[in-house]
Structures are given as structure tokens and as C-alpha cells.
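Chemist: Residue numbering for the sequence shown follows the working numbering, beginning at 3 and increasing consecutively.
Where a beta carbon is used, it is the ideal one built from N, C-alpha and C, also for glycine.
Below is a structure I'd like to ask you about.
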Amino acid sequence: MAWKAVQCSIDANQIPHHRTITEAVHQEGGKIALQILHTGRYSYQPHLVAPSALQAPINRFVPHELTHEEILQLIDDFAHCAQLAREAGYDGVEVMGSEGYLINEFLTLRTNQRSDQWGGDYRNRMRFAVEVVRAVRERVGNDFIIIYRLSMLDLVEGGGTFAEMVELAQAIEAAGVCRPPSMYGFGNATIINTGIGWHEARIPTIATPVPRGAFSWVTRKLKGHVSLPLVTTNRINDPQVADDILSRGDADMVSMARPFLADAELLSKAQSGRADEINTCIGCNQACLDQIFVGKVTSCLVNPRACHETKMPILPAVQKKNLAVVGAGPAGLAFAINAAARGHQVTLFDAHQRDRRAV
3 MAWKAVQCSI DANQIPHHRT ITEAVHQEGG KIALQILHTG RYSYQPHLVA PSALQAPINR
63 FVPHELTHEE ILQLIDDFAH CAQLAREAGY DGVEVMGSEG YLINEFLTLR TNQRSDQWGG
123 DYRNRMRFAV EVVRAVRERV GNDFIIIYRL SMLDLVEGGG TFAEMVELAQ AIEAAGVCRP
183 PSMYGFGNAT IINTGIGWHE ARIPTIATPV PRGAFSWVTR KLKGHVSLPL VTTNRINDPQ
243 VADDILSRGD ADMVSMARPF LADAELLSKA QSGRADEINT CIGCNQACLD QIFVGKVTSC
303 LVNPRACHET KMPILPAVQK KNLAVVGAGP AGLAFAINAA ARGHQVTLFD AHQRDRRAV
């Protein structure tokens, strides 16, 4: 159900391991949701599936066209995964319906050329997405967060239109309503997170040249069409960008992922007035997204310890020293930062008047 060498997100045997994560988040007063993702025709293995047997331009394998019975089973699989997430202590799930993955593939004629109840006109093409959300809500009850990641801009030929996205957003909102409604629960699909661009799109959406917060206008355009809180995403890599988006009213929340690989303390630094100390994501995608696509462990070019913290712990120095580091290039700066983190007193020297942190 995912890229080669990427395991399924959760099964019953993994629940205790997931509880380690959810309990740690709850102890700090946080909420946590698990993303449920089926990669569809992007799955890099020969047994991939999709609405139609149409090969993705970024994959050498041709997908098997799902049968009606297989589609029904997948809907139940999404609901079952949400149920397991609840048992593991998650506060909610995010249903991935964007980026060209399976649910997104049902929505467009580019990837869905079926003539049954799952294809044809748009109402049929969006049926799978709607039924997934409805099944998830019925399985987990009212008091559980459902986030739906909705593709606002596919950026591929034959992609969805804005009118279609509005229709889908409204259908998703309605599908999340659980009967009977609860005065204490969320009662519907709780949040819509707006996604941008398929992975096969030739228009960059998360790379370095893309302006920061470049797609928040799309989220703003959806406001007023649904009553759910809207989240915007893509190239939001520092607190000021997030503040600007929220101040303009473009979205109710912002979504950030890669910036936390670059600096797990991003929020605490921002809250304590130390935003200038944040190790900023540069949008290179070389050790995060690229690693995932070849089945390797995710990391970060500007923070190699990301996802390897237990293998590369920064331990307090037994004997604190005064250290001189000569040369403020990448190696010198990296050493100075880690030495200081261990408790050493570090003085950095460089031939240039200013250091080279821009590197």
C-alpha cells in the first residue's frame, strides 16, 4: 500500500509502539493525528492498484484496475486503519486525498476512466473519497478528529477544477457527520487540509525556488464554501511566514512537516523569542522526500540527526572544555553547534569578517 520498503502505517501488533508516541505527545499537552495513505499507482512495486490501468509517468509499473469488490474492501481498510489509530491513542486521522495518491486518482479523468458507479461524471468519481470519510466516521464515532487532505490544485493536465473541489469539500463535510449527532463530539469531518500538486506535476510546489507560503491564496479561495476550519500548506518554513498567512486570514491553521525535520524545536524557539536560532528548512527535498521514494529512512540535509537521534545522540561532555574552531564553513559550523550542545565553551574563528551561515 506504499512505496517499496515502506511499511504499512499501523496494524494491531504495532499498537503498543504507536502508544509510545501518542502518550509522549499527550504528556506535553499536544494532540496527534495519524495520516492514512494509499499510494495507488505511485506504489513502486509490481502489484500496485488504481481506478484504471493507467501507468504513472514517474513509475515503471502499470497498475491493476480495481474491481468493485476490491474498492469496497479498500473503503473498509481505511475505516479499520482509523479504528486502530484510535486504539493506539491518536486523537484523529488525516485521510490523504491529495498529491496524486489513490483517492486523488479516483477524482480526475486523467486517472479514472471507469464506466461504473466509481467513474464517469464527477459525482461518481468523488464517490470513493466520500465513502472513505463516511466509513471512517461511522467506525470511530463522533469524538475523533477527521482531517481530509483535499487537492486544491492538481497542476496536471486533466486535473480537477475549482468548482469540483468546492463540491468535493462540501460532500466531505457532509460525509463526516455521524448519526446520531453528539453535542460533545466533532460531528463531521473536522478539518480540511488543502494540498497542492501531484507528484508527477512538472510545476514545483515544495522546492527551494517556490516562494514561501505561495499557495495560501488557494485556501483563502475555499473559505466561505464550507464551515470547517481550513489548513494551508507548502513552503511555510518559519514562524513569520505562518503569522503572515494567519494575519491575512488566508487560513485558520498552517501545516508544516519538513521544517520540523530541520529543527524539532522550531515552535519552542519561536514561542521563547528565539526565532533567529531556528535551523530553517531550505526546501531541498534531498534527504526527506527523495529518501522516501527510494525506500530509505527519512532525514534532513541541514539536520542529519533527524530520524537518527537514537543512533547519533548528543551526550553531555564528561569534561567541559574551551574549544577554538577555526573556519566557519559548513563543517566548522556543524562542529561548533554540536560541541556547544554538549556543554563546551566554543569560540569560532574565520578569515572572513562575517561567518558563512548562508552556506
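1. For His334, which of helix, strand or coil comes out of DSSP?
2. Thinking C-alpha only, which one of Ser274, Ala253, Val304 is nearest Arg260?
3. With a 10 Å radius around its C-beta and 16 neighbouring C-beta atoms as the bar for buried, classify His354 as buried or exposed.
4. Tell me, please, whether the segment 53-65 touches the segment 160-178 by the rule of three or more beta-carbon pairs shorter than 8 Å.
5. Whose C-alpha, out of Arg43, Gly121, Gln29, is nearest the C-alpha of Trp200?
6. Going by beta carbon distance, what residues of the same chain come within less than 8 Å of Pro231, once the five residues before and after it are set aside?
7. Hey, Val97 and Ala87 are a contact pair by Cβ (cut 8 Å); roughly how many whole angstroms apart?
8. Going straight from the alpha carbon of Met272 to that of Glu279, what length do you get?
9. Contact between the segment 234-251 and the segment 207-222: three or more CB pairs below 8 Å?
10. Quick one, are the C-beta atoms of Thr110 and Gly32 less than 8 Å apart?
11. Is the distance from the Cβ of Gln119 to the Cβ of Arg112 below 8 Å?
12. Who are the near neighbours of Val134 in its chain, counting only those whose CB is closer than 7 Å to its CB and skipping five residues on each side?
13. Taking just the CA atoms, how far does Gln288 sit from Leu74?
14. To the nearest angstrom, report how far apart Leu224 and Arg139 are at their CA atoms.
Modeler: Let me spell this out:
1. Counting from one through the sequence shown, the residue named residue 334 turns up at place 332. Reading off the sequence shown, one finds Gly at residue 334, where the question assumed His. Looking at Gly334 - three-state DSSP - the assignment turns out to be helix.
2. For this step, residue 260 is matched to residue 258 along the sequence shown. Out of Ser274, Ala253, Val304, Val304 has the C-alpha closest to the C-alpha of Arg260.
3. In the sequence shown, residue 354 corresponds to position 352, counting from 1. Exposed, by the Cβ-count rule.
4. no
5. On the sequence shown, residue 200 is found 198 positions in, with the first residue counted as 1. Among Arg43, Gly121, Gln29, the Cα nearest to that of Trp200 is on Arg43.
6. Taking the sequence shown and counting its residues from 1, one reaches residue 231 at position 229. If we look at Pro231 and ignore the five residues flanking it on each side, its Cβ neighbours are Thr192, Ile193, Ile194, Asp254, Met255.
7. As a first step, residue 97 must be located in the sequence shown, where it is residue number 95. As a first step, residue 87 must be located in the sequence shown, where it is residue number 85. Incorrect: roughly 11 Å between the Cβ atoms, too far for contact.
8. Counting from 1 along the sequence shown, the entry for residue 272 is found at position 270. Counting from 1 along the sequence shown, the entry for residue 279 is found at position 277. Residue identity differs from the one stated: residue 272 is Ala in this sequence, not Met. Cα-Cα distance, rounded: 9 Å.
9. yes
10. Taking the sequence shown and counting its residues from 1, the one referred to as residue 110 is at position 108. Taking the sequence shown and counting its residues from 1, the one referred to as residue 32 is at position 30. Not closer than 8 Å, so no.
11. For this step, residue 119 is matched to residue 117 along the sequence shown. For this step, residue 112 is matched to residue 110 along the sequence shown. No, the Cβ-Cβ distance between Gln119 and Arg112 is not below 8 Å.
12. What you label residue 134 is simply residue 132 of the sequence shown in a count that begins at 1. For Val134, where only same-chain residues beyond five positions count, the Cβ hits under 7 Å are Ile77, Phe80, Val97, Ile105.
13. Indexing the sequence shown from 1 puts residue 74 at position 72. Indexing the sequence shown from 1 puts residue 288 at position 286. Computed Cα separation, rounded: 37 Å.
14. Counting from 1 along the sequence shown, the entry for residue 224 is found at position 222. Counting from 1 along the sequence shown, the entry for residue 139 is found at position 137. Cα to Cα, Leu224 sits roughly 23 Å from Arg139.
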